[in-house]
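J.: Numbering (this note's numbering), first residue to last: 20 to 320. Starting off with a structure, shown below.
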């Protein structure tokens with residue numbers, strides 16, 4: 020009996036701790052990039068849907084942008100379409116972008132929407148094409164030739180980045196109590212369809228919405244120091260210093276740069292968070308300590 024009483028008291032203490040944060044963030048928009056292991060694990064996917072639905076029920080407006088690289092790769096393999104990668108980016112042919120659109124806007128997006136709806140939320144699947152929400156431009160990359168050291172253009176095919184974001188349809192969805200779930204596919208002014216990196220897409224949408232928080236769910240705990248310990252909070256100047264020292268390197272560089280870009284567009288705080296942790300989003304938002312690395316803007320996050 021005493022053990023059960025302590026367990027209930029612990030739950031009550033958790034709710035008391037969460038209450039001021041519920042008040043603080045009520046009416047605010049949170050853009051969450053969803054991907055990695057958290058999306059591929061059925062149990063974690065269900066927990067994610069529950070967490071997102073809870074956010075909406077306590078007055079926070081979540082907007083989801085999802086990835087799907089592994090699912091695209093699986094489908095390309097099944098269709099015997101070979102993939103080529105340059106500097107970690109998939110070269111996207113016309114056939115590849117058609118498969119990407121089918122997988123992202125079809126099976127992946129609809130699965131997330133179904134999970135949220137199944138636990139009591141109201142979600143809708145969208146892509147950058149819907150209502151011309153996102154206009155893409157073709158990514159241009161240059162790389163020095165190893166022999167001459169002269170920079171040469173690299174053609175990645177139909178790989179794009181957001182040029183403009185019209186958030187009208189997102190605001191209308193939010194106003195009607197609906198959670199938007201967005202696939203990173205968009206049309207360019209040239210009439211072509213482009214596959215966009217989900218982190219980049221989410222950051223651009225967060226900026227367009229003036230989101231209170233931009234959350235990147237990843238497969239790492241957050242930004243680590245040179246001892247491998249997670250850093251709880253960082254400013255832009257601190258990030259620049261850690262990059263110069265090589266502490267922030269590799270795949271973490273584009274993630275922190277995407278966060279900084281969102282902050283420059285008016286987002287008040289960005290979080291890099293381990294999506295493999297149970298209820299990571301709730302721990303980050305509703306506890307004093309948080310669960311990932313918060314990158315601060317000029318205003319309080």
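Cβ atoms here follow ideal geometry from the backbone N, Cα and C, with glycine treated the same way.
What residue range is occupied by the uninterrupted beta strand (DSSP E) comprising residue 292?
T.: 288 to 293
J.: Below 9 Å between beta carbons: does that hold for residue 188 and residue 181?
T.: Taking 9 Å as the Cβ cut-off, residue 188 and residue 181 do not qualify as a contacting pair.
J.: Leaving out five residues before and five after residue 72 in sequence, what residues of the same chain have Cβ atoms less than 7 Å from its Cβ?
T.: Closer than 7 Å at Cβ, skipping near neighbours: 135, 138, 139, 140.
J.: Please work out which residues of its chain come closer than 8 Å, Cβ to Cβ, to residue 101, disregarding the five sequence neighbours upstream and downstream, and give them in chain order.
T.: 95
J.: Is the beta carbon of residue 321 less than 9 Å from the beta carbon of residue 146?
T.: Residue 321 is absent from the model: the chain starts at 20 and stops at 320.
J.: Look at the Cβ atom of residue 292, then the Cβ atom of residue 306, and state whether they are nearer than 9 Å.
T.: no
J.: For residue 315 versus residue 285, is the C-beta distance shorter than 9 Å?
T.: no
J.: DSSP on residue 27, reduced to helix/strand/coil?
T.: For residue 27, the predicted model reports a pLDDT of 49, less than 50, meaning its position is unreliable; a value from the coordinates is still stated below. Helix.
J.: I'd like to check one pair, residue 183 with residue 219: are the Cβ atoms closer than 9 Å?
T.: no
J.: With distances taken Cα to Cα, identify the nearest neighbour of residue 178 among 294, 62, 109.
T.: 109
J.: Are any of the Cβ atoms in chain C nearer than 9 Å to that of residue 195?
T.: Here chain C cannot be found, since the structure has a single protein chain.
J.: Within a Cβ cutoff of 6 Å, which residues of the same chain sit near residue 238, ignoring the five residues on either side of it in sequence?
T.: 55, 56
J.: Would the segment 245 to 255 count as touching the segment 202 to 215 if we require 3 or more Cβ pairs under 8 Å?
T.: Not touching, per the Cβ criterion.
J.: Can you name, in chain order, every residue of its own chain whose Cβ lies under 8 Å from the Cβ of residue 209, other than the five neighbours on each side?
T.: 157
J.: Count the other CB atoms, across all protein chains shown, that sit within 10 Å of the CB of residue 247; report buried if there are 16 or more and exposed otherwise.
T.: exposed
J.: From residue 104 to residue 185, what does the alpha carbon distance come to, in whole angstroms?
T.: 31 Å
J.: I think residue 304 touches residue 82, with their Cβ atoms under 8 Å apart; what is that distance to the nearest whole Å?
T.: That belief does not hold up - the Cβ atoms of residue 304 and residue 82 are roughly 14 Å apart, past 8 Å.
J.: Do residue 205 and residue 152 have their C-beta atoms within less than 9 Å of each other?
T.: yes
J.: CB-CB under 8 Å to residue 143, same chain, minus the five flanking residues each way: which ones, in chain order?
T.: Excluding residues up to 5 positions away in sequence, 132, 192, 197, 198, 199, 200 lie with their Cβ nearer than 8 Å to the Cβ of residue 143 in the same chain.
J.: Quick check: residue 87 and residue 122, are their CB atoms within less than 9 Å of each other?
T.: Result yes, Cβ atoms of residue 87 and residue 122 sit closer than 9 Å.
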